[in-house]
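Participant:
Number of protein chains: 2
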Amino acid sequence: MSKNKREKVDPRVIRTKRMFKDAFISLLQENKDQNKLTVQRLADRAELTRATFYLHYHDIEDLKEQMVDEVLEELTKKIHPLFDENQDIDDPPIDSFLAHIYEHGVLFNVMFENNDFRKRLFGIITEIVSIRRETRKVKRHTNQVPIEIIASSTFGIVSWWIENGMPYSPRYLAEQINLVFRNNTNARP
Amino acid sequence: MSKNKREKVDPRVIRTKRMFKDAFISLLQENKDQNKLTVQRLADRAELTRATFYLHYHDIEDLKEQMVDEVLEELTKKIHPLFDENQDIDDPPIDSFLAHIYEHGVLFNVMFENNDFRKRLFGIITEIVSIRRETRKVKRHTNQVPIEIIASSTFGIVSWWIENGMPYSPRYLAEQINLVFRNNTNARP
DNA sequence: TACTTAATTGACGTTTTGTTAATTAATTGA
DNA sequence: TCAATTAATTAACAAAACGTCAATTAAGTA
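Chains as they are written, first to last, in full-length UniProt numbering: chain A, 1 to 189; chain B, 1 to 189.
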């Protein structure tokens, strides 16, 4: 499945793809929906040619898909280890999750307009929520509520946070999320 | 601002615009993202010509905007009256809100892919949440949490509900939302 | 240095866009 | 009911964007 790292990739390819991805971010940042994204504009911004684009991507959708994959693979790589021995309350997945997004604020803000990106981020949040349910032995009210309600509700908060420039610190947001669901055991004496 | 109803609109115009809007819904329902939406395909589905489309809309974005306006104007028209004398706990805005969406399930599901549509629906939910905060004199835990957290969290639940074919009844969903925020006073003796 | 592969150049046909002028068809009101 | 008005159709147009390709130049590798 994953690429064999022994077969090295031509540095020109790495550079070119990075430049197109940067150009993509750069254009979306200043446009969001206006001047529609064309391959020509991407090539101009990347200081490369249109033909080079088609050498690496089938179309703009393809570029998006590859970027979504990359960004989310990096994210899951960081938080999945926390699922195994998640007895440690010090570094819960949700905190690492939010911290990672925060560190890559611009990237996540720009990618968030993508439908598939959102859908998959929802999947990751659902994982986190269900793990938290299992490990914390909270047989409290939250268990009356279907998991999709908790997950979608959390996703709503995180979405708002990302789309509005992440005005809260990851730690504070995590606290607020816990507050909403009354799992904020820390706050109690 | 709003159109003067005394100046009647040619029935052909009404019919034509309705056919384009129906064609739009119809195409999105079966495609969602595949075969990309072109003016020609819209015209074919509407059994009209491309030139007629440009007689009424500047481009497909324009059609979307007009539809978003219409759909949300109808929704707000229905729930805003409930804001005035909302002492009656029998018909809270959130219930009417969800019921209206439920009645127009396909429409809302299809429109939901639109960014502006979602943003404005979030605005409406924020209104509902803030009204509910004021009128119900609940000085409980929810008031510790910023309004945007409650609103975005509710929006997340409603978004999930819409995007997944509204698997719960509006009433049940409203109950779940109340449960999450612990405002479910009805459930207590 | 020679070999290999990536990027550029310039060109091509295709699709989609947005507009227009001339014509046909439907609506309305006198 | 007929005449005036306005909507929809038709066919054509240039412009923009797409996706592909062969020949050439440039960069990386062994």
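Here a beta-carbon is modelled for each residue, glycine too, at the ideal position from N, C-alpha and C.
In this text the structure is predicted, and so the values were computed from the model without any measurement.
For residue 82 (chain B) versus residue 24 (chain B), is the C-beta distance shorter than 8 Å?
Facilitator: Taking 8 Å as the Cβ cut-off, residue 82 (chain B) and residue 24 (chain B) do not qualify as a contacting pair.
Participant: Buried or exposed for residue 55 (chain B), please, with buried defined as at least 16 other CB atoms from any protein chain shown within 10 angstroms of its CB.
Facilitator: So residue 55 (chain B) ends up on the exposed side.
Participant: So for residue 122 (chain B), helix, strand or coil by DSSP?
Facilitator: Here residue 122 (chain B) sits in helix by DSSP.
Participant: Pairs of beta-carbons, one from the stretch 123-138 of chain B and one from the stretch 127-135 of chain A, closer than 8 Å: are there three or more?
Facilitator: In short, these stretches do not touch, since the Cβ pair count stays below three.
Participant: For residue 83 (chain A), which of helix, strand or coil comes out of DSSP?
Facilitator: Three-state DSSP puts residue 83 (chain A) in a helix.
Participant: By how many angstroms is the C-alpha of residue 76 (chain B) removed from the C-alpha of residue 70 (chain B)?
Facilitator: So the two alpha carbons sit approximately 10 Å from each other.
Participant: Tell me which same chain residues have a C-beta within less than 7 Å of the C-beta of residue 50 (chain B), skipping the five on either side of it?
Facilitator: Cβ neighbours of residue 50 (chain B) beyond the five flanking positions: 39, 40 and 43.
Participant: Please list, in chain order, the residues of the stretch 164-181 of chain A that have any C-beta partner in chain B closer than 9 Å.
Facilitator: Taking 9 Å as the Cβ-Cβ cut-off against chain B, the residues of the stretch 164-181 of chain A that qualify are 164, 167, 168, 173, 176, 177, 179, 180 and 181.
Participant: Do you know offhand how far residue 162 (chain B)'s Cα is from residue 146 (chain B)'s?
Facilitator: The alpha-carbon atoms of residue 162 (chain B) and residue 146 (chain B) are separated by roughly 25 Å.
Participant: Between residue 110 (chain A) and the rest of its own chain, which residues show a CB-CB distance below 7 Å, the 5 nearest in sequence each way excluded?
Facilitator: For residue 110 (chain A), where only same-chain residues beyond five positions count, the Cβ hits under 7 Å are 25, 28 and 29.
Participant: Quick one: Cα of residue 20 (chain B) to Cα of residue 120 (chain B), how far?
Facilitator: The alpha-carbon atoms of residue 20 (chain B) and residue 120 (chain B) are separated by roughly 23 Å.
Participant: Select from the stretch 148-162 of chain A all residues with a C-beta closer than 9 Å to any C-beta belonging to chain B, and list them in chain order.
Facilitator: So the list reads 148, 149, 150, 151, 152, 153, 154, 155, 156, 157, 158, 159, 160 and 161, given in the order they occur along the chain.
Participant: Can you tell me whether residue 58 (chain A) is helix, strand or coil according to DSSP?
Facilitator: If DSSP states are grouped into helix, strand and coil, residue 58 (chain A) belongs with coil.
Participant: So with Cβ pairs under 8 Å, would you call residue 115 (chain B) a contact of chain A?
Facilitator: So, interface residue.
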